[in-house]
Structure formats: structure tokens, C-alpha cells
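Data block below; observations after.
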């Protein structure tokens, strides 16, 4: 069982990211900036193939209007400006546009949050068509599917708290617009 297949079938998908913008939300310029900086370096063919695959995967957001997508993203990821100001501006514009979709919620976790429960790192959660939840985490060179209900429950509890700690969707839009204006 691979995460991409689970993601494709999910009726709800939750993501908390503290390392990079979630792949489903990355515009092409950001994808290229990330892949361009990977070590060991990739070939031009690999870059093109991986970029195309990620862009194709993003069609889930529009092709699955009955799937609820929720993203909590660390503000620091935008402040980092991976790829420079132009890439970051395109990223912010993309987040604002995708955030308008009825089935997508994007929330930023502010830089300062004293009660932050995301200290154990990124997490993804998917609800399957038969209403089972599966968790997913990634490391440097590994990934883990989490299927034990007690472990998935921990992730769901943490994700719920992260959503409560992050800016709501309207405040996120305001912050993104402010950040774009400051570039």
C-alpha cells in the first residue's frame, strides 16, 4: 500500500507541513526550485518527469470536489523564500487561488505559537472510502504508513489541535496577502 494511492482514494485528506509546502499545493516554479536544490542532483529528465508527476497529482483537488482537503502549513515555509522572491510570490498567489476551492482549507501556523503541538514533525492523514483513517509520515530517506488505530488516533488528536492553533482561513488569506505585498 503506497501513500499516493491512498491519497487518490481518500474522502478526507489532512496535512500538516513544517518542512516544505505540501506537494498538492506546490506551483510549478516552487516544484522546480525544490527539485533543483536536491542532493544528489537530478538530471534534467528526472526534473521534468518528477515535476510533471507532481502537477498531475494536484488534479485531485479539482477532480475530487467531494473530498475535503485540509492543510496546516508553517508560516516559516513562506518566510524561507525557497527559490527567491519571484517563486515565493507565485507560491502565495497559488495558495490564495487554491484556497478558494470549496473543498480546500488552508491555514497558516503563525511564526509565534507558544502552544504548538506540531513539534514531532509533519503528518498526513487520509480517510478511506470505508471511513478508516490512515496516517503517513516522512523522514530524510524513509516514509511510514500508520494504520494502527491507537497511533492514528494520536495523529488525529494532534491535527485537530494544530487546526485550532493555526490562523483560521480568513486570517490566513490576510496574512498571505500581506506577505505578498512585502515581497
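Residue numbers (our numbering): 4 to 186.
Backbone N, C-alpha and C fix where the C-beta goes; we use that ideal spot for every residue, glycine too.
Treat the numbers as computed from the prediction; the structure is a model and nothing was measured.
For residue 18, which three-state DSSP category applies? When secondary structure is reduced to three states using DSSP, residue 18 falls in the strand class.
Is residue 98 closer than 8 Å to residue 64 when the C-beta atoms are compared? No; because the gap between Cβ atoms is not below 8 Å, this pair is not in contact.
Status (buried if at least 16 other CB within 10 Å, exposed otherwise) for residue 122: Answer is exposed; the Cβ neighbour count stays below 16.
Select from 55, 145, 137 the residue whose C-alpha is nearest the C-alpha of residue 152. For the residues 55, 145, 137, the minimum Cα distance to residue 152 belongs to 137.
Would you say the region 32-51 touches the region 6-14, given that touching needs at least three Cβ pairs under 8 Å? Too few Cβ pairs lie closer than 8 Å, so no.
For residue 124 and residue 48, I'd like the C-alpha separation in whole angstroms. Cα to Cα, residue 124 sits roughly 31 Å from residue 48.
Where does the unbroken alpha helix (DSSP H) through residue 90 begin, and where does it stop? Where residue 90 is concerned, the enclosing alpha helix (DSSP H) stretches over 88-101.
Does the beta-carbon of residue 88 have 16 or more other beta-carbons within 10 angstroms, so that it is buried, or is it exposed? Counting every other CB atom within 10 Å of its CB across the protein chains shown gives residue 88 a total below 16, marking it as exposed.
If we ignore side chains and look at the alpha-carbon of each, how far apart do residue 55 and residue 103 end up? Using only the alpha carbons, I get a separation of about 23 Å.
Just confirm the distance between the C-beta atoms of residue 78 and residue 112, as a whole number of angstroms; I'd bet it's less than 8 Å. With a Cβ gap of about 6 Å, residue 78 and residue 112 count as contacting.
I think residue 159 touches residue 19, with their Cβ atoms under 8 Å apart; what is that distance to the nearest whole Å? Taking C-beta atoms under 8 Å as the contact rule, residue 159 and residue 19 fail to qualify, at a distance of about 11 Å.
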